[in-house]
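Participant:
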Amino acid sequence: MAKEKPNPTPPIQDISDLPKDVQAKLKTIKKKLDKFQKLVVEKFDKYIVGISLLPPQKDSKTEKVDKDKINTLILIDDTDSKKMTKMELKEKISKINHEIAQGIDKNMVTQTMLLTELWQNCYDGKSELLQLIAISAPVYDTGMMSAIKIAEIHKTMVLKKFEKYIVSYVLAGSLVQGRATPESDIDVFVVIDDTDVKKMTRAELKDKLRAIIIGMGLEAGDITGIRNKLNIQVYILTDFWDSIKEANPVIFTFLRDGVPFYDRGIFMPWKQLLKMGKVKPSIEAIDMYMHSGEQMLERVKAKIKEIGMEDTFYALLTPSQAALMLYGLPPATPKETPGLMREVFVKKEKLLEEEFVKILERNIQLRKDLEHGTKTEVTGKEIDKILTDSERYLKRVKKLFTQIEIMKEQENVLHIYESVITVIRDVLKMEGISNCDDKKIVSIFEKELVHQSKVPQKYLRILHELVKAKKDYDSKKLTKNDVSNVKKSYKDISKFLIEYMQRKRGKELDRARIRVKHGDNFGEVVMTDKEVFIIHDLDNPEKGISRGVMEENGTIKDVKRASLEDFEKGLAKQKMKRGVVVNSKFFASLKEIFGKDVEVLWQ
0 MAKEKPNPTP
10 PIQDISDLPK
20 DVQAKLKTIK
30 KKLDKFQKLV
40 VEKFDKYIVG
50 ISLLPPQKDS
60 KTEKVDKDKI
70 NTLILIDDTD
80 SKKMTKMELK
90 EKISKINHEI
100 AQGIDKNMVT
110 QTMLLTELWQ
120 NCYDGKSELL
130 QLIAISAPVY
140 DTGMMSAIKI
150 AEIHKTMVLK
160 KFEKYIVSYV
170 LAGSLVQGRA
180 TPESDIDVFV
190 VIDDTDVKKM
200 TRAELKDKLR
210 AIIIGMGLEA
220 GDITGIRNKL
230 NIQVYILTDF
240 WDSIKEANPV
250 IFTFLRDGVP
260 FYDRGIFMPW
270 KQLLKMGKVK
280 PSIEAIDMYM
290 HSGEQMLERV
300 KAKIKEIGME
310 DTFYALLTPS
320 QAALMLYGLP
330 PATPKETPGL
340 MREVFVKKEK
350 LLEEEFVKIL
360 ERNIQLRKDL
370 EHGTKTEVTG
380 KEIDKILTDS
390 ERYLKRVKKL
400 FTQIEIMKEQ
410 ENVLHIYESV
420 ITVIRDVLKM
430 EGISNCDDKK
440 IVSIFEKELV
450 HQSKVPQKYL
460 RILHELVKAK
470 KDYDSKKLTK
480 NDVSNVKKSY
490 KDISKFLIEY
500 MQRKRGKELD
510 RARIRVKHGD
520 NFGEVVMTDK
530 EVFIIHDLDN
540 PEKGISRGVM
550 EENGTIKDVK
560 RASLEDFEKG
570 LAKQKMKRGV
580 VVNSKFFASL
590 KEIFGKDVEV
600 LWQ
């Protein structure tokens with residue numbers, strides 16, 4: 000039986016905190032143990048399961064602990080011994096081990112143990128050898144020594160807390176089947192007695208104890224340094240018995256190969272009955288297993304069909320709809336989606352290749368055929384093709400998302416340019432300059448605003464950058480860095496120009512309004528070139544606003560109710576009236592609007 004050779008493990012890893020004389024002694028022991036294990040493994044390679052350093056032991060005659068003795072345990076795999084009896088094998092290896100040890104140090108004592116001998120002790124309910132291995136320090140290990148060590152420590156922890164409920168604690172899996180490697184998991188089965196449960200349900204008992212037992216497994220890993228290796232299966236007794244009756248293969252294997260580290264007289268009788276052929280699956284179990292293959296195959300077919308009908312369908316459809324939404328279109332139906340993808344991304348924007356739209360169409364058609372029954376099943380070959388195409392499609396759509404985002408950012412530059420040009424036109428219009436040609440608007444901006452010191456020079460530079468970005472957009476040369484710079488510049492120039500218009504409009508507004516007092520309230524009359532707006536109460540303007548028309552003789556007529564929104568729109572669209580003449584007819588109109596006690600307040 001060939002085995003992998005792990006690196007030798009020293010019995011003590013860190014001795015730096017010990018006294019110097021103790022450190023020196025341990026280093027000497029380590030050198031001797033390393034030499035011993037090297038010679039033994041070279042001699043009996045395939046038979047050596049593990050070598051451990053045992054703690055000091057009492058002399059059988061004097062009953063005193065001999066601290067100079069170096070006690071070692073050599074575990075031998077005899078499961079494949081055919082040329083000699085097990086005892087002959089043990090005597091032969093023991094003798095040679097002793098000679099090797101004596102050749103290294105006269106104080107080195109060897110104890111050779113067969114694996115079947117260790118397991119027989121477990122079958123007989125004797126745990127002394129397990130406890131001995133649990134407190135030993137590994138020198139060489141193919142996986143079995145560490146498995147026994149952590150399982151024995153974990154078992155002791157579990158029994159200390161739950162002995163009343165534990166029926167059996169069994170080591171199983173590859174370790175006891177002769178297939179152990181240093182990387183093997185350590186499989187243990189814990190069977191819990193649930194036949195006398197009164198305060199909780201059986202399921203609650205199992206879940207509660209299972210969580211604690213697995214937690215103890217982590218603690219045992221921390222204690223031994225053997226982490227992430229212990230695989231703990233917890234069963235309640237009634238379920239375990241049902242599994243035997245149902246011929247559960249896992250449980251049968253567990254009974255056949257398992258080695259009990261603890262047993263209350265349940266596991267070993269089952270094991271013996273199985274060995275004698277007395278534990279047999281029922282007719283119902285045989286029938287169930289016989290038909291389970293057909294049932295599973297039908298489930299596989301249904302699952303494959305579901306992959307074609309639902310899984311891959313939505314895997315391709317939803318990202319496609321997302322791409323259309325990112326572009327700015329509302330969510331499309333499954334039927335419309337391929338057509339829109341072709342129209343928008345293949346033909347119009349030229350961002351996507353036709354082959355990918357065809358993949359989407361085939362995917363949608365497959366679902367339709369399966370749904371309507373024109374196709375009854377999907378073959379494995381077809382599924383492979385669907386999955387391959389789907390992976391290609393999703394990878395390409397992911398790239399499409401990036402392309403759309405870049406395109407949207409570039410379009411944003413166009414919107415920014417148009418917004419700034421519109422604001423500049425409004426500013427120039429306030430300065431009395433209208434009908435500016437796009438090609439001349441920069442030079443007019445420079446001449447009428449920058450050179451007149453109404454707008455700082457830096458905003459002319461920003462405008463030149465925007466114009467350049469617009470040209471790069473038109474020629475498809477716009478970079479991501481250009482987009483970022485344009486966004487930053489846009490905020491600066493827009494904020495300044497809007498504030499400029501607000502200040503200028505405020506000055507015009509001051510010249511075009513008259514404040515009045517009527518009773519205890521204050522009102523205001525604002526005159527534009529087209530309308531007159533009357534605010535009846537400045538403290539609550541939204542409650543009383545009117546609008547009318549002022550004739551050339553100063554009379555205000557056609558006065559009607561208006562809203563605050565009407566007032567704000569009127570101020571934004573209409574010019575302020577320059578030079579207001581207040582005559583008797585105008586004053587008479589104020590009396591009709593505000594009452595006879597109206598007074599004009601000059602600012």
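Counting along the sequence shown from 1, when you hit position 389 you're at 388 in numbering that gives the first Met the number 0, and nothing is skipped either side.
We put the CB at the ideal spot given by N, CA and C, even for glycine.
Just so we're clear, the structure is a prediction, and the values are computed from it rather than from any experiment.
With a threshold of 16 other CB atoms inside 10 Å of the CB of Ile403, please say whether the residue is buried or exposed.
Facilitator: buried
Participant: Identify the continuous alpha helix (DSSP H) that holds Met267 and give its terminal residues.
Facilitator: Phe266 to Lys274
Participant: Taking only three categories from DSSP, how would you classify Ala136?
Facilitator: strand
Participant: Using a 10 Å radius around the Cβ and a threshold of 16 neighbouring Cβ atoms, would you call Ser389 buried or exposed?
Facilitator: buried
Participant: For Tyr234, list the residues DSSP reports as bridge partners.
Facilitator: Val190
Participant: Closer than 8 Å is the cut-off here; do at least three beta carbon pairs connect the stretch 561-571 with the stretch 524-544?
Facilitator: yes
Participant: Under three-state DSSP, which class holds Arg263?
Facilitator: coil
Participant: Along the alpha helix (DSSP H) that carries Met340, what are the first and last residues, could you check?
Facilitator: Thr336 to Met340
Participant: Are there 16 or more other CB atoms within 10 angstroms of the CB of Glu410, so buried, or fewer, so exposed?
Facilitator: exposed
Participant: In angstroms with no decimal places, state the Cα-to-Cα distance between Lys604 and Ser183.
Facilitator: Residue coverage of the chain in this structure runs from 0 to 602, which leaves residue 604 outside it and unanswerable.
Participant: For Phe251 and Lys198, what's the separation of their Cα atoms in angstroms?
Facilitator: Phe251 and Lys198 have their C-alpha atoms roughly 31 Å apart.
Participant: Assign Ser562 to buried or exposed, taking buried as 16 or more other Cβ atoms, counted over all protein chains shown, within 10 Å of its Cβ.
Facilitator: exposed
Participant: Which of the three DSSP states, helix, strand or coil, is assigned to Ala171?
Facilitator: strand
Participant: Who does Arg514 pair with in a DSSP beta bridge?
Facilitator: Glu523 and Leu600
Participant: For Ile385 and Val345, I'd like the C-alpha separation in whole angstroms.
Facilitator: 22 Å
Participant: Over what stretch of residues does the alpha helix (DSSP H) that includes Leu72 continue unbroken?
Facilitator: That residue, Leu72, is in no alpha helix (DSSP H); its beta strand (DSSP E) goes Ile69 to Ile75.
Participant: Inspect the beta-carbon positions of Asp220 and Ile231 and report whether they are closer than 8 Å.
Facilitator: The amino acid occupying residue 220 in the given sequence is Gly; Asp does not appear at that position. No.
Participant: By DSSP's criteria, Phe532 is part of a beta bridge. Which residues make up the other side?
Facilitator: Val525 and Arg546
Participant: Could you give the residue range of the alpha helix (DSSP H) that holds Ile592?
Facilitator: Start and end: Ser583 to Phe593.
Participant: Taking the alpha-carbon positions, what's the Leu600 to Arg560 distance?
Facilitator: Their Cα atoms are separated by approximately 24 Å.
Participant: Just reading off the alpha helix (DSSP H) that Met324 is part of, what are its end residues?
Facilitator: Thr311 to Tyr326
Participant: So is Met83 buried or exposed if we call it buried at 16+ other beta carbons inside 10 Å?
Facilitator: exposed
Participant: Return yes when the Cβ of Ile513 is within less than 8 Å of the Cβ of Tyr458, no when it is not.
Facilitator: no
Participant: What is the rounded straight-line gap between the Cα of Glu598 and the Cα of Glu430?
Facilitator: 34 Å
Participant: Throw me the rounded Cβ distance for the Ile363 and Pro333 pair, which I believe falls under 8 Å.
Facilitator: 6 Å
Participant: DSSP state of Arg226, grouped into three classes?
Facilitator: coil
Participant: Within this structure, are the beta carbons of Asn106 and Val39 separated by less than 8 Å?
Facilitator: no
Participant: State buried or exposed for Met549, treating a residue as buried only when at least 16 other CB atoms are found within 10 Å of its CB.
Facilitator: buried
Participant: Do you know offhand how far Met324's Cα is from Ile420's?
Facilitator: The alpha-carbon separation between Met324 and Ile420 amounts to approximately 29 Å.
Participant: List the endpoints of the continuous beta strand (DSSP E) containing Asp557.
Facilitator: Start and end: Ile555 to Ala561.
Participant: By alpha-carbon positions, which one of Tyr139, Val138, Ser167 and Val343 ends up nearest to Ala150?
Facilitator: Proximity to Ala150 across Tyr139, Val138, Ser167 and Val343 peaks at Ser167, based on C-alpha coordinates.
Participant: Arg255 to Ile235, Cα distance in whole Å?
Facilitator: Taking the straight line from one Cα to the other gives about 19 Å.
Participant: In whole angstroms, give me the CA-to-CA distance for Lys469 and Val449.
Facilitator: 22 Å
Participant: I need the DSSP call for Ile92, collapsed to helix, strand or coil.
Facilitator: helix
Participant: With DSSP run on the structure shown, which of helix, strand or coil describes Met215?
Facilitator: Helix, per DSSP.
Participant: Please classify Ala1: is it buried, with 16 or more other beta-carbons within 10 angstroms of its beta-carbon, or exposed?
Facilitator: With a pLDDT of only 40 at Ala1, under the threshold of 50, the placement of this residue in the model should not be trusted; the figure read from the coordinates follows. When all chains shown are included, Ala1 counts as exposed.
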